[in-house]
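Residue numbering for the sequence shown follows the numbering used here, beginning at 1043 and increasing consecutively. We put the beta carbon where it would ideally sit given N, CA and C, even for glycine. For reference, the structure is listed below as structure tokens.
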Amino acid sequence: MELDDMLKDKITLDIVKFFHENQSSIDTPRGIATWIKAEKQKVKKSLDMLVKQGILIDHKAPSITGYSYTRDEAIIKKIDTKLKEE
1043 MELDDMLKDK ITLDIVKFFH ENQSSIDTPR GIATWIKAEK QKVKKSLDML VKQGILIDHK
1103 APSITGYSYT RDEAIIKKID TKLKEE
């Protein structure tokens, strides 16, 4: 899926903005849902898609999964450009 198409979804856009502005953050679906004021299930769906696209990294532990922003400079730069167009 293209970045432009992903960012049309408000929840996905809010997640990307959150991590782009807080690049050293690691958070859970519940924590992210709280930050962006969205339903946890919808947030989880967007998180999974963002992991598949390489925008987020999932950190799996036995009882919980945390998410963090990519360290790929090319992806970060592309997202930065797209967010400035918003």
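| said: Quick check on the DSSP output: the alpha helix (DSSP H) that includes I1117 runs from which residue to which? | reply: 1115–1127
| query | Among E1128, T1054, T1076, which has the Cα closest to the Cα of V1093? | reply | T1054
| query | At what residues does the beta strand (DSSP E) containing I1106 begin and finish? | reply | Careful: I1106 lies outside any beta strand (DSSP E) and carries neither H nor E.
| Terminal residues of the continuous alpha helix (DSSP H) containing T1070? | Where T1070 is concerned, there is no enclosing alpha helix (DSSP H), given that its DSSP letter is neither H nor E.
| Taking the C-alpha atoms as reference points, what is the distance between D1047 and K1059? | 15 Å
| message | Please state the DSSP three-state secondary structure of L1049. | response | coil
| request: For the alpha helix (DSSP H) holding K1094, just list the boundary residues, first then last. | output: 1082–1094
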